[in-house]
Amino acid sequence: MALDGYADVVAVDYAANVIQKMQTRSTENNWGVSFVEADLTQMTDWESNSVDCVIDKGCLDAMLLKRETDAVDTNWKLVTPDSSDDLSDARSSMQQLARILKPDGLLFFLTFGSPSNRVNMFDWVSSDSEDSMEWEILQCLEMSPTSAQHSFVTRFYLFVARKKLK
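Residue 26 in full-length UniProt numbering sits at position 26 of the sequence shown; the count goes up by one each step and never skips.
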């Protein structure tokens, strides 16, 4: 995005080693991207209504993966919003994204989960937040990889949503 002329592009990750590596690559390649270590569930350093656009490329999906507690190896199960499993991290993250986005700001949410299992996530925004808002889902696109190197993925979905003040 920065190479296409967008200003103030910031990439966020929970892992400090990823941030350090990507910041070095950005500097070496003149990407013009800042990399910030942050916990998406508690974005206390980010001001409310301060971000024009958020692109989530798998972060919320990762929060919806939960380790099998009775498994010996590293099996994972997908937790969907209509399950009884604990969804507090994903819920907190959606609330934080809504808080930091400016009114009319856009959320691009890329997910492997089916729309029927993800659309309810847009209702997770607390009504007692600073600004009473709702998500306007502009599009939900079904996409498939075009490269054979990504053959393990059959399809994914891109939600485009706008933060609307009530």
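From the three backbone atoms N, C-alpha and C, an ideal C-beta is built for every residue, glycine too.
What residues are listed by DSSP as bridge partners for residue i?
i: Lys164; result: Glu134
i: Ser34; result: Val10
i: Asp52; result: Partner(s): none; Asp52 has no beta bridge.
i: Lys57; result: Leu110
i: Leu64; result: Its beta-bridge partners do not exist; DSSP assigns none.
i: Phe159; result: Phe109, Cys140
Please identify the residue among the options whose C-alpha is closest to the C-alpha of residue i.
i: Thr111; options: Asp4, Thr154, Ser88; result: Thr154
i: Val9; options: Phe122, Phe35, Gln20, Val160; result: Phe35
i: Lys102; options: Thr27, Arg118, Glu37, Ser132; result: Ser132
i: Pro115; options: Val160, Glu134, Ser88, Tyr6; result: Val160
i: Leu107; options: Asp52, Leu65, Asp13; result: Asp52
i: Asp4; options: Thr24, Met22, Trp31; result: Trp31
i: Ala2; options: Ala15, Asn29, Ala16, Glu47; result: Asn29
If you drop the 5 nearest sequence neighbours on each side, which residues of the same chain put their C-beta closer than 8 Å to that of residue i?
i: Asp104; result: Arg162, Lys163, Lys164
i: Asp45; result: Ala38
i: Val54; result: Leu97, Ile100, Leu101, Gly105, Leu106, Leu107, Phe108
i: Val125; result: Met94, Gln95, Ala98, Met133, Glu134, Trp135
So residue i packs on residue j, CB below 8 Å; how close in whole Å?
i: Leu158; j: Leu141; result: 5 Å
i: Asp61; j: Gly113; result: 7 Å
i: Ser26; j: Val33; result: 5 Å
i: residue 169; j: Met22; result: For the chain, the structure presents residues 1 to 166; residue 169 sits outside this window and is missing.
i: Lys166; j: Glu136; result: Not quite, the Cβ-Cβ distance comes to about 11 Å (not below 8 Å), so this is no contact.
I need the boundaries of the beta strand (DSSP E) containing residue i, first residue and last residue.
i: Val18; result: Note, Val18: premise wrong, no beta strand (DSSP E); alpha helix (DSSP H) at 16-29.
i: Asp4; result: Note, Asp4: premise wrong, no beta strand (DSSP E); not H, not E.
Below 7 Å CB to CB, which residues in the same chain sit around residue i once its five sequence neighbours on both sides are set aside?
i: Thr41; result: Asp89, Ser92, Ser93, Gln96
i: Met43; result: Gln96, Ile100
Can you list, in chain order, the residues of its chain with a C-beta nearer than 6 Å to that of residue i? Leave out the 5 residues immediately preceding and following it.
i: Met63; result: Asp89, Ala90
i: Ser144; result: Arg155
i: Asp13; result: Ile19
i: Ala16; result: Glu37
Which stretch, first to last residue, makes up the alpha helix (DSSP H) that contains residue i?
i: Pro145; result: Pro145 -> no alpha helix (DSSP H), and no H or E assigned at all.
i: Arg91; result: 88-100
i: Arg155; result: No alpha helix (DSSP H) contains Arg155, which DSSP labels as neither H nor E.
i: Asn117; result: 115-118
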